[in-house]
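A quick write-up on the structure given underneath.
Protein chains: 2
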Amino acid sequence: MSKCEQCIIKQFNSLKHLSREELVRVSACKTSKFIKKGEPLFEEGERINGVFCIKDGVCKVSKMSENGRNQIISLIKKGDLIGERSLISDEPSNLTAVALNDMEVCFVPKDEIMRDLEKNPNFTMSVLKDMAKTLKKSDNVIVEMAQKTVKQRLAETLIRLKEKFDVNDDGIINLQLSREDFANIVGTATESAIRLLSDFKKKGLVEFKGKEIKILNTQELEKIAQGF
Amino acid sequence: MSKCEQCIIKQFNSLKHLSREELVRVSACKTSKFIKKGEPLFEEGERINGVFCIKDGVCKVSKMSENGRNQIISLIKKGDLIGERSLISDEPSNLTAVALNDMEVCFVPKDEIMRDLEKNPNFTMSVLKDMAKTLKKSDNVIVEMAQKTVKQRLAETLIRLKEKFDVNDDGIINLQLSREDFANIVGTATESAIRLLSDFKKKGLVEFKGKEIKILNTQELEKIAQGF
DNA sequence: GTTAAAATATGATATATGTCAGCTTTTTTG
DNA sequence: CAAAAAAGCTGACATATATCATATTTTAAC
């Protein structure tokens, strides 16, 4: 199994603040997992008891509403950590994470992370900063959900996908989402998402080949997101 | 000026984890402020450079949407801390806080808090836990905003107000909100909020005397919040 | 206390979005 | 490869909510 000390992935998250010694300890207790597309990394109500470091792949993090509909809260990708929150608040997860493509993740058990949080202020501070950043993003999402129309949110989502995930030579975004996923991100009915996406397509703003997405006119999408 | 070491308010927040020595230092550099109803505690874009500890009163924390409408993200009351986030991420505030009634707050400058965060792991851990909790709540709000109707959200809001703020002998909630505030909490037009509130009133679920709110039927409101 | 301003209320109407139903295409499974 | 299942698409219709206009009541200002 690969060693954390030598793993480049940690550069993308708070684990980079651990000392060599600490990393060796993490490495000794961590386990590797491969999650296939469509399979859960963890589910609502489950005790995670550790932190996942995403080595490769993407997962959708969602939550069931009382109405029985699924809301995707965020997309987590290579380099991200997930699970710190439940660990810190010592509660079962309030979220479900499902792989959107084949994933490779490392799992570090709770005790090791807690120990590092207590002993290494740099690490703790980094986790704290990360949370502050996430909280800020959450505020933005709340405002967006509360104030923007479905069309605005969908345009916004497309722009963000392009920014967050790589685009290949043909301009195709390196992530495949179903229409239902889109609906669950913006918080609408699948049919509405389908209709609006094909609207965007008709207007020449995006192109779809199956689930491949290519953004043709970011500027116009931005205008729509802003309400024009 | 009163001393932090002797202040009971700190029992309600992370400051309770500071040592006597640390509290004495905090006390020495803190300032007291009185904010009148309607006045801002701080505004979007402002560098706060410290943390506020709310000694008395309530404020609404909001953010402007691109559509030009105000969204209230949360209500902060006696005992709460506010400002840690901007301090930790070292950025100007993304939020505005406006007093809903006369407030008394203490302001502790950044340097002192940062010093405590670096030196006192208990304090840091407490702040971390607090953030994890807020993040969880944010997830819930996002799901609610994305998936529930305005009516559901309004019912939910009324229930939460009753839980969060004291109720006097006559059953009246100890917080006055305008119809516009209600609209800005649930993310709707003021007219819609007015209509729905008077609907609830007609159905005997709530009672209004001006801005005084009395909840008459929590159970029924809960049903509405859940979509019945 | 009178006037002006703000908040609340209500009606009419337009529009966005949800829901249901049926159909086609794509993907999965054996 | 065939059959079944899932995903995508489209139309018709119902409904929630926004918007605009106007009236009334409450609060603030002089």
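Line by line, the protein sequences are chains A and B.
Taking this note's numbering, I'd label the letters of the first sequence as residues 1257 to 1484.
Taking this note's numbering, I'd label the letters of the second sequence as residues 1257 to 1484.
Glycine residues also receive a C-beta, built at the ideal position from the N, C-alpha and C atoms.
Cutoff 8 Å: residue i Cβ touching any chain A Cβ
i, result
"Gly1443 (chain B)", "yes"
"Ala1449 (chain B)", "no"
"Ile1398 (chain B)", "yes"
"Ser1270 (chain B)", "no"
"Gly1483 (chain B)", "yes"
"Lys1286 (chain B)", "no"
"Asp1395 (chain B)", "yes"
"Asn1323 (chain B)", "yes"
"Ile1291 (chain B)", "no"
"Ser1345 (chain B)", "yes"
"Arg1416 (chain B)", "no"
Nonlocal neighbours in the same chain, by C-beta distance under 6 Å from residue i, ignoring five residues either side
i, result
"Ser1283 (chain A)", "Lys1259, Cys1260"
Neighbour flag for residue i against chain B, beta carbons, 8 Å
i, result
"Ala1388 (chain A)", "yes"
"Ile1310 (chain A)", "no"
"Thr1380 (chain A)", "yes"
"Ala1353 (chain A)", "no"
"Lys1319 (chain A)", "yes"
"Pro1348 (chain A)", "no"
"Val1383 (chain A)", "yes"
"Met1359 (chain A)", "no"
"Gln1403 (chain A)", "yes"
"Ile1304 (chain A)", "no"
"Pro1377 (chain A)", "yes"
"Leu1331 (chain A)", "no"
"Lys1392 (chain A)", "yes"
"Glu1299 (chain A)", "no"
Residue i (DSSP reduced to helix, strand or coil)
i, result
"Glu1198 (chain A)", "The structure shown has nothing for residue 1198 (chain A), since chain A only spans 1257 to 1484."
"Asn1430 (chain B)", "coil"
"Ile1329 (chain B)", "strand"
"Thr1287 (chain A)", "strand"
"Cys1362 (chain A)", "strand"
"Phe1268 (chain B)", "helix"
"Val1399 (chain B)", "helix"
"Glu1347 (chain A)", "coil"
"Asp1455 (chain B)", "helix"
"Phe1308 (chain B)", "strand"
"Ala1353 (chain B)", "strand"
"Glu1340 (chain A)", "helix"
"Glu1300 (chain B)", "coil"
"Glu1295 (chain B)", "coil"
"Lys1389 (chain B)", "helix"
"Leu1318 (chain B)", "A quick correction: the sequence has Ser, not Leu, at residue 1318 (chain B). Strand."
"Lys1470 (chain A)", "strand"
"Phe1464 (chain B)", "strand"
Close-in-space but distant-in-sequence residues of the same chain around residue i (CB under 7 Å, 5 per side omitted)
i, result
"Asp1201 (chain A)", "Because residue 1201 (chain A) is not part of the residues shown, which for chain A are 1257 to 1484, the question remains open."
"Lys1292 (chain A)", "Ala1355, Asp1358"
"Asp1386 (chain B)", "Ser1270"
"Ser1382 (chain A)", "Ser1270, His1273"
"Pro1296 (chain B)", "Thr1352, Ala1353, Val1354"
"Val1406 (chain B)", "Val1442, Thr1444, Ser1448, Leu1452"
"Lys1393 (chain A)", "none"
Check whether residue i and residue j have beta carbons under 8 Å apart
i, j, result
"Val1317 (chain A)", "Ala1353 (chain A)", "yes"
"Cys1362 (chain A)", "Lys1311 (chain A)", "yes"
"Ile1329 (chain B)", "Asp1395 (chain A)", "yes"
"Glu1322 (chain B)", "Gly1483 (chain A)", "yes"
"Leu1461 (chain B)", "Leu1472 (chain B)", "yes"
"Cys1315 (chain B)", "Ile1304 (chain B)", "no"
"Thr1431 (chain A)", "Leu1391 (chain B)", "Residue identity differs from the one stated: residue 1431 (chain A) is Leu in this sequence, not Thr. Their beta carbons are not under 8 Å apart, which means Leu1431 (chain A) does not touch Leu1391 (chain B) by this criterion."
"Glu1463 (chain A)", "Lys1470 (chain A)", "yes"
"Glu1360 (chain A)", "Gly1324 (chain A)", "no"
"Cys1309 (chain B)", "Ile1265 (chain B)", "yes"
"Leu1337 (chain A)", "Leu1384 (chain B)", "no"
Supposed close pair residue i, residue j - CB separation, criterion 8 Å
i, j, result
"Pro1365 (chain B)", "Glu1302 (chain B)", "Contact doesn't hold; Cβ gap of about 15 Å is too wide."
"Phe1268 (chain A)", "Gly1335 (chain A)", "3 Å"
"Ile1375 (chain B)", "Asn1350 (chain B)", "It is worth fixing the name first, because residue 1375 (chain B) is Lys in this sequence and not Ile. That belief does not hold up - the Cβ atoms of Lys1375 (chain B) and Asn1350 (chain B) are roughly 28 Å apart, past 8 Å."
"Ile1415 (chain A)", "Glu1468 (chain A)", "In fact, because the Cβ distance is near 17 Å, the residues do not count as touching under 8 Å."
"Val1326 (chain B)", "Asn1440 (chain B)", "Residue identity check: residue 1326 (chain B) is Asn in the sequence provided, not Val. Asn1326 (chain B) to Asn1440 (chain B), Cβ: 5 Å. Contact."
"Phe1438 (chain A)", "Ala1445 (chain A)", "Not really, about 11 Å apart at Cβ, beyond 8 Å."
"Gln1408 (chain B)", "Ile1480 (chain B)", "6 Å"
"Ile1520 (chain A)", "Ile1398 (chain B)", "The shown model of chain A, from 1257 to 1484, leaves out residue 1520 (chain A), and the question about it has no answer."
"Glu1340 (chain B)", "Cys1285 (chain B)", "Rounded, the Cβ-Cβ distance is 16 Å, inconsistent with contact."
Same chain only: Cβ atoms within 8 Å of residue i, ignoring 5 sequence neighbours per side
i, result
"Met1401 (chain A)", "Arg1409, Gly1443"
"Arg1435 (chain B)", "Thr1446, Ala1449, Ile1450, Leu1453"
"Lys1457 (chain A)", "Glu1463, Phe1464"
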